[in-house]
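Novice: Here you go, one structure.
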Amino acid sequence: MAKKYSKKFWIIFWAVSTVLLVLWYGFLQWKGSSDESMKVRVAKKAIEWTIPNAPKELTNIAKFVLQKDGKERTYLILLQNNHELRPSGGYIGTFAIVKIKDGQITNLETHNTNVFDGRVPDVELPPYPMKETLKIPSWKMRDANWSPDFPTSAKKAEYFYHLGKGKEQFDGIIGVTTNILPRLLSVTGPIELEGKAGIFTQENAIDKLQEYVEISYQDLGVEEEERKVIIATLAKKIVEKVSWTHPITIAKIGNAIVEALNEKEVQIYVKNEKVQKEVHTAKWGGEINSDWTKDYLMTVDANLSALKSDRLIDRNINYTIDLTLEKPRAYMQITYRHNGTQKDWRTTDYQSFLRVYLPKDAWVETVKGANKEVVYEQENGKKVFGALVHVGLGASKTIELEYVLPESIKNDYSLLIQKQAGVDNVQTSVRVIREDGKVDEKSFNMKSDTVVF
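In terms of this note's numbering, the sequence shown opens at residue 17 and continues consecutively.
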């Protein structure tokens with residue numbers, strides 16, 4: 017029985033709770049109805065009730081998910097652990113497959129990505145510096161999300177799934193980070209599990225689960241193949257504790273999900289072009305903005321230490337641009353602070369492959385702080401700088417770039433800073449020296465993509 021719940025509630029927790037949870041209440045109220053138009057109306061009302069000023073895109077996505085047309089649709093869910101950060105969110109230790117037909121989940125299953133990768137042939141060479149740093153001979157599904165552009169990573173994950181003889185054809189791919197768990201617990205309050213597992217709170221849940229499935233399950237006499245049942249048990253308790261009859265609780269959950277979408281804790285790629293357009297309009301697709309023609313900045317880390325050290329890393333970005341010069345000159349600093357004090361089963365020195373995305377015509381003149389040779393490439397209409405960064409326990413490290421931008425950047429100056437999925441609370445400061453010498457400054461905690469000035 018435990019194995020059965022492990023499948024069902026893991027997916028409900030990671031997939032339904034993040035993508036469909038807002039809609040689920042309305043669906044349960046009319047699932048016996050054959051009136052398609054009524055379903056759509058109730059779905060809209062459910063969203064409007066649960067989330068004040070709900071984005072219309074959410075209503076349109078709901079209409080697609082809940083449509084009763086006799087077709088079964090299949091979704092790939094990438095469960096990304098952002099304590100081991102990767103470009104589109106985090107290490108893909110597990111993936112799930114969800115099938116939905118006429119608004120009902122018809123099949124749920126999960127897969128250990130490391131086990132699945134045993135089926136993937138060694139035919140794809142890993143991108144630099146994955147092979148050199150992780151000492152792996154080939155690129156596989158667990159490392160598929162090497163691009164910070166989620167549609168690109170989603171398609172790569174699907175490619176590896178089929179390379180490993182996976183049989184499903186997916187209608188959409190959804191990426192979810194571990195930050196969803198504390199968001200839900202912030203609504204439900206602490207959850208206590210029977211036995212010695214203890215109390216799970218918004219503050220301790222991720223660390224507590226990680227320790228349980230990696231170490232403490234042995235001390236509690238739990239078999240290795242059953243160690244992740246605790247995740248299902250916790251998910252079940254969360255679902256049980258949420259009272260669907262209380263509008264305030266429903267509204268809080270709905271708002272938590274929208275915040276997760278806005279902050280890239282959940283990213284969506286759907287193959288239906290009309291629906292994906294809604295996702296794009298709402299900025300829930302995790303794309304690199306290739307249409308933006310003004311100043312641009314995105315910093316992207318890939319944890320190559322193979323442990324969960326990102327939970328202890330603070331990042332600060334300082335950006336200055338001087339528009340008084342004939343060709344604008346930009347100065348970018350990113351500082352890492354490793355708050356770890358000793359090595360253990362999940363903590364070590366931090367090693368990242370840092371990539372900085374700049375306007376495509378940027379010309380980098382000076383680099384300071386990089387450990388080894390730097391690389392440059394073009395990707396998604398951007399100039400990309402890349403370098404390995406090493407930060408020891410208790411230490412700080414700053415990488416500095418100085419570069420020239422095209423003169424056209426001066427026209428009606430504006431800066432878009434895109435946030436990497438899975439990164440929390442990046443302290444950011446921007447300083448703009450205008451053509452007339454006037455200085456504008458802004459400091460903020462970056463939680464989502466931000467247009468400055």
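We treat Cβ as the ideally placed atom computed from N, Cα and C, and that holds for glycine.
Tell me, please, whether the stretch 103-113 touches the stretch 446-459 by the rule of three or more beta-carbon pairs shorter than 8 Å.
Specialist: no
Novice: Do three or more CB pairs link the stretch 346-362 to the stretch 286-295 at distances below 8 Å?
Specialist: no
Novice: To which residues of the same chain is Leu-431 closer than 8 Å at the C-beta, ignoring the five residues directly before and after it?
Specialist: Lys-310, Asp-311, Tyr-312, Leu-313, Tyr-335, Ile-337, Val-446, Val-448, Val-467, Val-468 and Phe-469
Novice: Please state the DSSP three-state secondary structure of Lys-376.
Specialist: coil
Novice: Of all the beta strand (DSSP E) runs that stay within the bounds of the stretch 266-354, which reach a length of 3 or more residues?
Specialist: 282-286, 311-319, 329-338 and 345-354
Novice: Shortest alpha-carbon distance to Ser-104 belongs to which of Ile-231, Thr-351 and Pro-164?
Specialist: Pro-164
Novice: In the structure shown, what three-state DSSP assignment does Lys-60 receive?
Specialist: At Lys-60, the pLDDT of 49 sits below 50, so the modelled position is not reliable and the matter cannot be decided from this model.
Novice: Would you mind reading off the limits of the alpha helix (DSSP H) that contains Lys-172?
Specialist: 166-179
Novice: Between the alpha carbons of Val-316 and Thr-204, how many angstroms are there, rounded?
Specialist: 33 Å
Novice: For the candidate residues Asn-305, Pro-137 and Trp-300, whose alpha-carbon lies nearest to that of Glu-73?
Specialist: Trp-300
Novice: Measuring only the C-alpha atoms, how far is Phe-369 from Asn-332?
Specialist: 17 Å
Novice: Please determine, among Ala-322, Ala-386 and Thr-382, the residue with the shortest C-alpha to C-alpha distance to Tyr-352.
Specialist: Closest option to Tyr-352, Cα to Cα, is Ala-386.
Novice: Please classify Pro-153: is it buried, with 16 or more other beta-carbons within 10 angstroms of its beta-carbon, or exposed?
Specialist: exposed
Novice: May I have a chain-ordered list of the alpha helix (DSSP H) segments no shorter than 4 residues that lie completely inside the stretch 87-168?
Specialist: 129-132 and 146-150
Novice: From Lys-253 to Gly-211, what does the alpha carbon distance come to, in whole angstroms?
Specialist: 14 Å
Novice: When the Cα of Met-157 is compared with those of Gly-402, Thr-149 and Leu-141, which residue comes out closest?
Specialist: With distances taken between CA atoms, Met-157 lies nearest to Leu-141 out of Gly-402, Thr-149 and Leu-141.
Novice: With a cut-off of 8 Å on the beta carbons, I'd call Gly-302 and Gln-283 a contact; round off their distance for me.
Specialist: 3 Å
Novice: Can you have a look at Ser-424 and say buried or exposed, based on whether 16 or more other CB atoms are within 10 angstroms of its CB?
Specialist: exposed
Novice: Just to confirm before moving on: does the CB-CB distance between Ala-378 and Lys-388 stay below 8 Å?
Specialist: No, the pair does not count as a contact, with Cβ atoms beyond the cut-off.
Novice: For Leu-431, does the three-state DSSP call read helix, strand or coil?
Specialist: strand
Novice: So Tyr-373 and Glu-418 are supposed to be a Cβ contact under 8 Å. How far apart are they, rounded?
Specialist: Rounded, the Cβ-Cβ distance is 16 Å, inconsistent with contact.
Novice: Taking the alpha carbon of Asp-428 as the reference point, which residue from Tyr-175, Asp-138 and Leu-339 has its own alpha carbon closest?
Specialist: Leu-339
Novice: What separation, rounded to the nearest whole angstrom, lies between the Cα atoms of Leu-124 and Leu-92?
Specialist: 11 Å
Novice: Measure the C-alpha to C-alpha separation of Val-391 and Leu-323 and round it to an integer number of angstroms.
Specialist: 25 Å
Novice: Specify, as a first and last residue, the run of the alpha helix (DSSP H) that Ile-196 falls within.
Specialist: 196-204
Novice: Could you have a look at Glu-6 and say whether DSSP puts it in helix, strand or coil?
Specialist: Past the boundaries of the shown model lies residue 6; the chain is included only from 17 to 469, so the question cannot be answered.
Novice: Find out if the Cβ-Cβ distance for the pair Leu-421, Lys-293 is shorter than 8 Å.
Specialist: no
Novice: Which same chain residues, not among the five before or five after Ser-50, have their C-beta less than 6 Å away from its C-beta?
Specialist: Because the pLDDT at Ser-50 is just 42, under 50, the model does not fix this residue reliably, and the point stays unresolved.
Novice: Which ranges does the alpha helix (DSSP H) cover as unbroken runs of at least 4 residues, wholly within the stretch 387-411, from first to last along the chain?
Specialist: Runs of the alpha helix (DSSP H) inside the stretch 387-411: none found.
Novice: Leaving out five residues before and five after Arg-89 in sequence, what residues of the same chain have Cβ atoms less than 6 Å from its Cβ?
Specialist: Ile-116 and Asp-187
Novice: Can you check whether the CB of Asp-138 is closer than 8 Å to the CB of Gly-180?
Specialist: no
Novice: Using the rule of at least 16 other Cβ atoms within 10 Å of the residue's Cβ for burial, across every protein chain shown, is Phe-460 buried or exposed?
Specialist: exposed
Novice: Within its chain, find whatever has a CB closer than 6 Å to the CB of Lys-268; leave out the 5 residues flanking it on each side and keep chain order.
Specialist: Val-203
Novice: Please state if the CB of Leu-101 and the CB of Gly-408 are separated by a distance shorter than 8 Å.
Specialist: no
Novice: Can the beta-carbon of Ser-464 be found closer than 8 Å to that of Glu-281?
Specialist: By the CB criterion at 8 Å, Ser-464 and Glu-281 fall outside the cutoff.
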